[in-house]
Every structure is written in C-alpha cells, then in structure tokens.
C-alpha cells in the first residue's frame, strides 16, 4: 500500500509534463479521493513554480480517473515577484480528468496574524473523538481512510447510528497514518477526508465534488490538523461545504469551499 | 458610458474565440473591476456551453488588463448530462490576463430548498443604507460605482469617517444602475462591488484580488441583491473575503470567496 510520498510521486518526462500513478488505495469505493488527486497535481505544479507554496488552488473535477498511469501537464501562465499563476491538467487516455488553476507564492513561517475573526465551535480533543470506521453504511470501502487517521467529534457522528444532527456540519482531527507531517500539499487531503456534511442530514452515500478551492493561509506545524466543515444550502441537487483547518498551535492553515452533488434519495 | 450589456458584449470570430472590448468605466482607478471581467468572460463561456448557467466559476487574476480590445478563448473540456466544464482565458497582447475554470449546469427556477443554514446578520433596509460615494478616500475614482447602485449598511461604514469597525465585514444592497436585472452573469459583479472588507480595519486603498470563486446557488429574482461580506484572517499580506448574496425573495443566490492582497501600510 503506497504511502503519501509514493502515491504522489511525479516524474518529469518532458518540459511541463509529469507521469504519475494514481494509487488505487487512496479512494472512496473505486474513485480516487478528490483531495488526493489535488495533492498529486500540486506536486507537479510546485515543481514548475518559481514560488514554493500553493496559495490558492481551484480544481474542477471533469471526469473521474481510473487508478493507474496518468499525466499531469503544467503551464506556467505568469511568474511575478510576489505570485505566479499555473494551470494544470490531470489527463488519462487523452481525456482531461481534473483541471486546476494555482496561484503560488512564498509564505513566511513566522508572519504575525494582523487580524483574525472569531474561531468556530470547538472540536472535542483527539482522545475524546472516534477513530473512524473505514466503510460507509452502504458498504462502500473508503480506502483513503486506511491512509488518513481520522477522529470525528462524537457530536457530528449521529448519522452513523441513525440519528443525524440535522445540519451540514462535521468536525474532527486528521493526520497521515504513515507519519508524513502536514504541509501545503497535504492540506487538500485534510479538507476532503471527512465524510460529506450531507451525512448530517442522513443523506449517506457518495457525494461527487465538482469544484474544490483550497487556500493555504499558514504553513502548518507538525502534528494533528483540526478540521471544521460546514455547509450553507442544499438545493436543486447541490450542496456547498466549507472547511477551516487549524494546526496544533491553533493557527488557521487552510480554508476551502467545495460544491458537490447530492444524490436524490 | 457603456451599459452592462454593451460593456460585456462578446463577438465570436473563430471557433472558441471571442473579441471583447474592456470598457474603461467599469473600473477602480485605471484597473477593470474583477467582477466585471468575470462577467465578460462568462458571456463567452455560456455561448460555448451546452448548459446555460455557470454553477462554479474560479478565476485567477494573472495580470491586470488595460481597457480596450482583448480576446476570450474558451475550451470546452467536457460536456456531460448534468454539468459541463470549460476553461477560459482573457488574453490581451498575447498575455493571459485572467484565467477561469467554469462548471456549468441547468439550474431550475422553482427547486425547493432542501436545507438552509442560519442566515447571516441582517442588513439595514435599502432606504436606511447610504448611497456610496464614488471616490476612495485616497482620491481613486471607483468608476464601477457609476454603474452599480450600491447602498452600504451604516454599521459597516465607520471607516469612511475614520472610525473603522475593527473587523472584516461589509454589508449592503446592489443593483445595476442601467436597469439590468440580476442573473448568473451579473452575480460576480455583485460580489465584487463593495469596498474590500479590510476597509473595516482602516486599511483603505486598492486590494488586488488574486483569486475569486463564485457559486451560483439559485437564479435571482428581479430587484435588489443583498450582499454580506466577511473575512476570517489577515496574515502575511493576504486576506480572504467571503460573500453571500440574497435576492429580494430572501433566496441565497450566490456564495463566493476571494483571496486578495493587502498593501503594507
């Protein structure tokens, strides 16, 4: 079973072209986890970028890839002093599967917080959270949770015993099981590893993401990441999901929003 | 002075290529408003899309364009039954200026809300809000506000008289002065017409956006749009700004997030 570094290995074969291997075990059912695919793409993007850190990464999921060989094509659109902008496409069988736009920059390790809004609702400490079972209620195997150690706040776990909380909310702590410490490449995986917030409405099942944008706000300290998910609206078959991710020092390290499809039940 | 329809006219000159004219009056100082540029790009995108509505639009601002002629190049990456994905580039002098990814779909006019979270803090009614002056305190002319009728909630206007509220927050109502009713093309302009939330910290001045993602959640009813802006963190020269936009019926019609640069004062 490939660890994070192996599963996100990129091999530069031509200018701007990277060969990758989509690992079958970083998945939900048969489909690779979206956060894992974004991490894979970012490995290629930062290799081409004059700035080391993805500041904003917008990914549109065009068509689900299969596990196995694929390519990432990266185009540097502009390199500036403060930021650079890159476009990246994950291609398999000549079909674009994930299309991403990334603005990179150089984040400092020790910048002061000039202003921060009020923190969200607290999450129960790691040792009071529940290590998450790796299969969905419908039997779908969530392979990515063999790699991501996920501990969910009991208050957002009611759906598992048939008592959904009745709101779009999910909270917990994550770290990589192989010991890889968090960095801006790992963060997309952190925002996309928890069960979809619609589980809080009792809507259990796969919820395919069509778009995910992740902002890196600080370089994370080693240790657990704490993830707060919320959503605002379920309408016309679509729901939004916002994540805030904090590191062990309490620094806001990532924000994200995704739009996903909820299956008509 | 070009109205919205004129200022966002796109002319198809080759397959996937549109000639446009960036109007000098939809601007902040010398630079075109980001929401206006996104609206212009979306006009070309929906012309190429099998689905009529931009569901998620992620725009990365690569380099500021000048007013005058430019081109939008649109590539349809995939057309599916429920969604399509398109890539679009606003190019001027062979330099990409704005790069966008758009997932389109067909939103229904009368879908029920399955679930909605608690609404944000109320905004003062239109007639208690302040019609917004069109120049910034530093003298910059905000031309886009000759086109957008903006009424700001007095509670978020303290910065104008030297008493900033001390938080990333801005609230108001907007409509197009030329009588154009809101639709999914107008929505990016609505989320980007208010003063930057950092004004609430007394940080007055231009705050260039590097990335803006807008979700269309419902088709807006005719009339005023009510916009709530909030931000979570100012750190290392960057701040986030989230918008929720409601129509006159109280429906959540758009959500957005942008990452922007705050000038070191």
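Residue numbers (the UniProt record's numbering), protein chains in the order written: chain X, 1 to 265; chain H, 1 to 265. Virtual Cβ for every residue (Gly too), placed ideally from N, Cα, C. Given the structure is predicted, the values throughout are model-derived calculations rather than measurements.
Item, Value
"Inter-residue CB distance, residue 262/X and residue 198/X (contact presumed, cutoff 8 Å)", "5 Å"
"8 Å contact criterion, which residue 26/H and residue 144/H should meet: CB distance rounded", "5 Å"
"Sequence-distant residues of the same chain with beta carbon closer than 8 Å to residue 125/X, five excluded per side", "none"
"Expected contact under 8 Å - CB spacing of residue 34/H and residue 209/H to nearest Å", "5 Å"
"Counted within 10 angstroms of its Cβ, other Cβ atoms place residue 249/X as buried (16 or more) or exposed", "exposed"
"Collapsed DSSP secondary structure at residue 256/H in the structure displayed", "strand"
"Interface flag, residue 173/H vs chain X, CB-CB below 8 Å", "no"
"Residue 206/H in three-state terms, based on DSSP", "coil"
"Beta-bridge pairing of residue 141/H - partner residues as DSSP gives them", "135/H"
"Chain X within 8 Å of residue 151/H, Cβ atoms only", "no"
"Residue 158/H at chain X interface by Cβ criterion, 8 Å", "no"
"Where residue 26/H falls: helix, strand or coil (DSSP)", "coil"
"Cβ contact (3+ pairs, closer than 8 Å) linking the segment 134 to 141 of chain H and the segment 115 to 124 of chain H", "no"
"Members of the segment 95 to 121 of chain H that neighbour chain X once the beta carbon cut-off is set at 7 Å", "96, 99, 101, 103, 107, 108, 111, 113, 114, 115, 116 and 117"
"CB-CB length for residue 89/X against residue 77/X, believed under 8 Å", "Contact flag wrong, Cβ pair sits at about 13 Å."
"Cβ neighbour criterion (16 or more within 10 Å) applied to residue 161/X", "exposed"
"7 Å Cβ cut-off: residues of chain H touching residue 83/X", "210"
"Start and end residues, alpha helix (DSSP H) containing residue 46/X", "34 to 48"
"Of the residues 100/X, 196/X, 183/X and 20/X, the one placed nearest residue 240/X, counting alpha carbons only", "196/X"
"Contacts that residue 62/X makes with chain H (C-beta to C-beta distance below 8 Å)", "77, 78 and 85"
"Inter-residue Cα distance where the pair is residue 65/X and residue 14/X", "22 Å"
"Backbone CA spacing between residue 260/X and residue 237/H [nearest angstrom]", "31 Å"
"Contacting positions in the segment 45 to 58 of chain X - beta carbon closer than 7 Å to chain H", "55, 56 and 58"
"Sub-8 Å separation of residue 115/H and residue 40/X beta-carbons", "no"
"Contact the segment 101 to 109 of chain X vs the segment 51 to 66 of chain X: 3+ CB pairs below 8 Å", "yes"
"Contacts of residue 218/X in chain H (Cβ-Cβ under 7 Å)", "235"
"Beta-carbon contacts of residue 43/X that lie in its chain and below 7 Å, excluding the five residues immediately before and after", "8, 10 and 185"
"Amino acids of chain H, ordered along the chain, whose beta-carbon sits closer than 7 Å to that of residue 255/X", "232 and 240"
"Opposing strand residues paired with residue 75/X [DSSP bridges]", "87/X"
"Cβ neighbour criterion (16 or more within 10 Å) applied to residue 109/H", "exposed"
"Limits of the unbroken alpha helix (DSSP H) element including residue 61/X", "No alpha helix (DSSP H) contains residue 61/X, which is instead part of the beta strand (DSSP E) from 53 to 61."
"Cβ-Cβ separation, residue 230/H to residue 242/H (assumed contact under 8 Å), whole Å", "5 Å"
"7 Å CB neighbourhood of residue 134/H in its chain, flanking five on each side removed", "141, 142, 145 and 146"
"CB of residue 217/H within 8 Å of CB of residue 235/X, strictly", "yes"
"Within chain X, the residues that residue 167/H reaches when beta carbons sit closer than 8 Å", "115 and 117"
"For residue 5/X: DSSP bridge partner residues", "DSSP, once it has assigned bridges, lists no residue as partnering residue 5/X."
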